[in-house]
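As you go down the protein sequences, you meet chains S and C in turn.
So in our numbering, spot 322 of the first sequence is number 304, and the numbers just go up one at a time.
So in our numbering, spot 225 of the second sequence is number 444, and the numbers just go up one at a time.
Where a beta carbon is used, it is the ideal one built from N, C-alpha and C, also for glycine.
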Amino acid sequence: MKNFTKNIIRDTSAWSVATLALVLVLAIPYLAFASGLLEGTGHKWQHLTTYFLNKFFVNSIILILGVGFISCLIGIGTAWVVSRYQFWGRTVLSTLLYLPLAIPTYIMAYIYVGLLGYGGTTTKLGQWLGIDTVGYNIMNIYGLIWVLSLSLFPYVYAAARASFSKRPAALLETATLLGASERKYFYSVALPMAKPAIIGGLLLVCMEVLNDYGAAKYFGINTFTTGIFRSWTALRDLQSAVYLAGLLIAFAIVVTLVIRLARGRKSFASEHDSGAKPERISVKGYKHFLVFCIAFLPVLFGLILPIVQLLMWVIPSFDGDSFQRNLVISLQSFSLAAVAGILTVIMSVALLYFSRWNRLPIIKKLPNVSTVGYAIPGAMIGIALFSGGRQLVDFAAESFDWRIGYLIYGGIPILLYAYVFRFLAVAYYPIEATRLRIGTQLAEAAYTLGDKKLKALRRVELPILKPALWAGFLLVFIDTLKELPLTLILKPYDVNTLAIVAYTYADEEQMTKAALPALMLVSLVGLFSFVAMWWQKRASQKTEQ
Amino acid sequence: MNKIFLFALVLLLAACGAPDKEEVTIYTHRHYDVDQQIFEDFEEETGIHVNVVKASADELIERLQSEGDQSPADLLMTVDAGRLVRAADAGLLQPITSETVTSTIPEKLRANDNSWVGLTKRARIIVYSPERVNPENLSTYEGLMDSTWNDRLLIRSSGNIYNQSLMASVIANLGEETARAWASGVVENFARTPSGNDRDQVKAILAGEGDLAVINTYYLGLLLNSSDQQEAQAGEAVKIFWPNQNDRGAHINVSGVGLTANAPNAENAVRLIEFLISKEVQELYASANFEYPANPNAAVSDQLKSWGEFKEDDLALNRLGELNDEAVTIFDEVGWP
C-alpha cells in the first residue's frame, strides 16, 4: 500500500494534473447528471419499464446492427475503391462521398418520404412516364436503417480512406513479392491496418444512431432518445428521462467497449511510413464500370437524389427575401461551427497528449470517458448545463449580488462549451487513430535531440497529424452545422443556424420552406469541404517540395 | 493559426454585442412565417424590438424554470393550451392585466387568472375519401372505434400533443374507462402503425392506404394552398367531417401566449399581446395560416368559410393540461405507439 501511494506521488506530473483538470471541466454535465440520478427514478418509471424498456433496447440494437453493417459495407467499399483504383470520375466522387454527412438525418428522412412516399417524386415521375405508381411507405424501422445509413456512412468512409491512402508502398510491395493476391492483400494487410480508424468511424455512427431523434420520431420508431423526450415532455417526468439517459449512456459505453475490444491493442508503426504511395490500379472494361458503380451509387442515393428532391421543393416556392435571410443565417452557422471545430480539435489534442505524457496509468485512460458525451442526447446536455448553470447563477446572486444570468442563459460561450462536450469524440477518434498509427518513435527521437514535449509535438507530431486534425475539424464543423437540440435550447436570440431554421419548418410540416435552408446547409458543407481539401493538397505539395 | 483565432474572436464579439433599446423577448413554439411578419409589423408600429427564441414548448418551459428570476423572457407562446397550463402550474406565468384582452377574448379561451390567453383556435377533425366512405357512417370521435373502420383509419403517433389533447378531451367528457376502451378500439382500426405527420395521413388517404384520418384543420388549409401540386391534390382528395355535432361538439385547442412571472419588459409584452389579438392580426392568422381567430370580431378567411360553421366542444381548456398525463398513460397502456 505504501509503495502504491509512493508510486502515485512519483508518477504524478503537471501533465497528470492538466489532464485531470480538462477531464473535470468536461465532466460538468456528468456531475449535474449524476446529481439528477441520485434523486431517484421519477413517478412514471414503472410505466416506462412496463411498456417501453424492451422496445427501446430491441429497436436500438436492431438500428445499431443494421446501420453499422450497412455503413461499414458502403464506407469501406467506397474508401477502398477510391484509394486503390483509377477510374473515371474518381477525384470528384472521392470528395462527394463525404457530403451525405451534410444532410441531417431528420432531413434525409423527410427527403426520402418526399422521394418515395405517396404523392411524392416517384409518383410524379410515374405520371410523367404514364405508369400508375402511388409511392411506397418507408416510415418503418427498415426505412429508418436505410435513411440513417445513407447520411452516416461517410464517418466510416472518411476514417477508412484516411487509413487506406496512408498505407505505405513498401508493405504492398512486400505483399506482392510474397505472392499475395489483391483480395488477400485487402483482407490480410490493408483492412487490419485500417481497423483502428474504421472502428473509430463505426463508433461515431453508433453514437449518432443512438442520438437520433428527429428521424426516429417522424417514422414512429421507439428508441431510447425518443423515449427520453416522451418521458420528459408527454409524461412530465424529467427524473425518469434522466434515468433513461443514464441507461442510454451505459448502453453507449457497452457498445464502445465491445467495438473497442474488436480493435484490440495493436498499434501499427512502420519505419517506412514515409508517405510514398503505391500507384493506383487502372481497371478496364466491365470491372471499370463495377468499380465506378461502387463509388457512384452511394453518392447517387446519399447526395444527388436528395439534392434533386430539395431542389424540387425549393424551386416552385423560391423568393429573394427568404434567400437573403438564409444567407445571413449561413454566415452565423459558419462562424459558430468553425469556432466549435477549432476548439474541439485543440481540446482533443490536449487530452490525447497530456494524458500520454503523464505516467499514471489511470489518467491515461481518463480521456476516453470524456468522449461519451456523444451518446447523450443534445437536449439532455442542454438541460444539464442549465441546471448546472443555474446553481452558478444563484451562487453569484446570493454571495456577491452579481446578476450573471445573461452569461449563462443564451450566451455564446456556454453554447460553444456544449459543442465541445458533445462533439469531442468526433475529433478525438480520428486523431487518436492516426496517433496510434504513428507510434511514439518519432517523438522519442525528437526528445533525444533535446526537444521539450510541446516543441516536439509542434515540430514533429502535429505536422504528421495534420490530415487527422483536418478530418477532425471538418467532422465537428459539419456536426455543429447540423446540430439541433442543443442549439435550440442554448442559443442566443440573435443567432440562428440553418439546421434550426430547416427543422422548425420541417416540424411544422412545411418542407417546401425547410428545403432552402437545408440546401444551403449542404452547399455550405460542400463548398467548405472542397476548399479544405484543396488547401490540404496545396499544403502537402508544399511539404513535398 | 493565430489569424484563425483572431477571426474567431471578432466573429464572437460581433455576435455578442447587443445595443440597448426598447424590446420584448418572446419564447415561442410557433414556427410560422406569418408570426415573423407580425412581429416585424409590431416593431414598425411601436418601435419595440422583438427578440424571438424558437424551440419546443417543453424545452422553453424547462429553460424558463432554470432561468428563474433572471430570465430574459417576457412571453411564452405555445401551440396548445396544455403546455400553457403546465407553465402556469409551475408558477412561471403572471396575470395579464389588460382591459383590451378581457373584453376581446372570450372567457373560455383564457386562463382563470388571465395568465395566458388563446390567440387562435384549431379543431381536430375527421377527413375522409368521398369515394370510399359514406359520410352517413361518420358521427363522433367515439364512432371511430366501430368495426366498420377496421384497417381503414389513419392517425399519427401518440407522442403528438394534438392527439394527447384529443384524448384528454375524451377523458374529461366521458371518463377514464370509456376513454381507454375508445383508444383500444381505435388502435384495432389502424390502417398502419402510426407514423408521419398530419399531412402524411392525408397523403396516405390519396394513396389508398386508409380511407379516413384524424387531423388538424389548418394542416388541410396548408395542403390545399401548398406550392407543391401533389400536396394540393392530396388536400382536394378528402372531405371534412365535423365530429360530435349532435352532442358536445368538435374538439378544439388553442395556440396561445402567457406573460412570464419575471418579465423584465412586462409593459411591452402586454402591448404585444394586445397587438396580437387585434382584428387585423387575427385575420392574418386566419388567412395565412388557416387558424380560427380567437377574437370573435375578426373575420375568417374564405378557405375557413368554405368548411362551414361548426359546434365547438366547450370544455375548459385547462382540463386538457390537467389530463395530459392520464391521456399519455392510456395511450401507452393500449399500445398506441
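Member of the options whose CA lies at the smallest distance from the CA of residue i
i      : options                           : result
S/L8   : S/Q28, S/S170, S/V351 and S/L424  : S/V351
S/D489 : S/G196, S/F336, S/K148 and S/I85  : S/G196
S/A277 : S/V290, S/G57 and S/G182          : S/G57
S/G529 : S/D219, S/R419, S/I460 and S/T469 : In this structure chain S extends from -17 to 527, so residue 529 of chain S is not present and cannot be described.
S/L406 : S/I396, S/L457 and S/V237         : S/L457
S/T469 : C/D370, C/E278, C/L439 and C/N392 : C/E278
C/V318 : C/I424, C/F258, C/R490 and C/A432 : A quick correction: the sequence has Glu, not Val, at residue 318 of chain C. The option with the nearest alpha carbon to C/E318 is C/R490.
S/L292 : S/Y200, S/L503, S/F201 and S/G182 : S/L503
S/R441 : S/E426, S/A453 and S/F455         : S/E426
S/L447 : S/V477, S/K473 and S/T416         : S/T416
C/T297 : C/I496, C/E361 and C/S275         : C/S275
S/V240 : S/I46, S/R262, S/F38 and S/L13    : S/I46
Partners in chain C for residue i, counting only beta-carbon separations shorter than 8 Å
i      : result
S/H29  : T548 and D551
S/E490 : H250 and Y251
S/N204 : P556
S/Y487 : H250
Other residues of its chain near residue i: CB distance less than 6 Å, five sequence neighbours each side excluded
i      : result
S/E253 : Low confidence applies here, because S/E253 scores a pLDDT of 42, under 50, leaving its location unreliable; read the following figure in that light. Cβ neighbours of S/E253 beyond the five flanking positions: none.
S/L134 : S53, V187 and E190
C/R351 : D430
S/S256 : Bear in mind that a pLDDT of 48 at S/S256, under 50, signals an unreliable position, so the number given afterwards is only what the model happens to contain. Counting only Cβ-Cβ distances below 6 Å, and skipping sequence neighbours, we find nothing.
S/G102 : G96 and G117
S/G183 : Y137, V138 and A141
Chain C residues whose Cβ lies nearer than 9 Å to that of residue i
i      : result
S/K199 : S376 and G378
S/I587 : There is no way to answer for residue 587 of chain S, as the model of chain S reaches only from -17 to 527.
S/T494 : S445, S446, D447 and E450
Proximal residues to residue i (C-beta, below 8 Å), its chain only, five neighbours per side dropped
i        : result
S/T(-13) : none
S/L2     : I345 and L348
C/N270   : E242, V243, T244, I245 and P291
S/V321   : L398
C/S384   : D299, A300, G301, R343, H470, N472, L539, N543 and A546
S/M493   : Y92, G96, W295 and Y487
First and last residue of the uninterrupted beta strand (DSSP E) at residue i
i      : result
C/A342 : W335 to Y347
S/N478 : Unbroken run through S/N478: none, as it is neither H nor E.
C/K422 : Unbroken run through C/K422 is the alpha helix (DSSP H), D417 to L425; no beta strand (DSSP E).
C/S474 : I471 to T479
Contacts that residue i makes with chain C (C-beta to C-beta distance below 7 Å)
i      : result
S/S299 : S446
S/I471 : A274, E278 and R282
S/W214 : D277
S/G387 : E286 and Q289
Residue i: contacting residues in chain S (beta-carbon distance under 9 Å)
i      : result
C/T479 : Those do not exist, as C/T479 stays about 13 Å from chain S at its closest Cβ, beyond 9 Å.
C/Y438 : E491
C/T412 : M121, N122 and G202
C/D466 : Residues of chain S passing the Cβ test: none, with the nearest at roughly 28 Å.
Range of the contiguous alpha helix (DSSP H) that encloses residue i
i      : result
C/F258 : D252 to T265
S/L531 : For residue 531 of chain S there is no data in the structure shown, the boundaries of chain S being -17 and 527.
S/T103 : T103 to L111
Contacts that residue i makes with chain S (C-beta to C-beta distance below 8 Å)
i      : result
C/N416 : Y200 and E491
Cutoff 7 Å; reference residue i; Cβ partners in own chain excluding five residues on either side
i      : result
S/I390 : G371, L374, V375 and I396
S/V129 : T87, M90, A91, Y94 and A197
S/Y429 : A438
C/A398 : M386, V389, I390 and I549
C/D542 : In the sequence as presented, Asp is not what sits at residue 542 of chain C; that position holds Leu. Closer than 7 Å at the Cβ level, and outside the excluded window around C/L542, lie A387, I390 and A391.
S/E380 : none
Cutoff 8 Å: residue i Cβ touching any chain A Cβ
i      : result
C/E455 : Given the protein chain composition of this structure (S and C), no chain A is represented.
Partners in chain S for residue i, counting only beta-carbon separations shorter than 7 Å
i      : result
C/K422 : G99, Y100 and G101
C/L425 : Y100 and G101
C/Q383 : A216
C/D260 : Within 7 Å Cβ-Cβ: nothing; C/D260 doesn't reach chain S, min ~15 Å.
C/D254 : Within 7 Å Cβ-Cβ: nothing; C/D254 doesn't reach chain S, min ~11 Å.
Members of the region 113 to 139 of chain S that neighbour chain C once the beta carbon cut-off is set at 8 Å
V116, G117, N119, M121 and N122
Against chain C: residues of the region 359 to 378 of chain S by CB proximity under 8 Å:
A361, G364, I365, F368, S369, G371, R372, V375 and D376
Using a Cβ cut-off of 9 Å, which residues of the region 415 to 426 of chain S contact any Cβ in chain C, in chain order?
Those would be none; no residue qualifies.
Can you give me, in chain order, the residues of the region 94 to 111 of chain S that have a beta carbon less than 8 Å from any beta carbon in chain C?
V95, G99, Y100, G101, G102, T105 and K106
Could you name the residues of the region 274 to 299 of chain C whose beta carbon sits closer than 8 Å to any beta carbon of chain S, in the order they occur along the chain?
A274, S275, D277, E278, E281, R282, S285, E286, G287, Q289, S290 and P291
Anything in the region 224 to 240 of chain S with a Cβ closer than 7 Å to a Cβ of chain C? List those residues in chain order, please.
none
Residues in the region 13 to 43 of chain S having any Cβ partner in chain C nearer than 7 Å:
H29 and Y33
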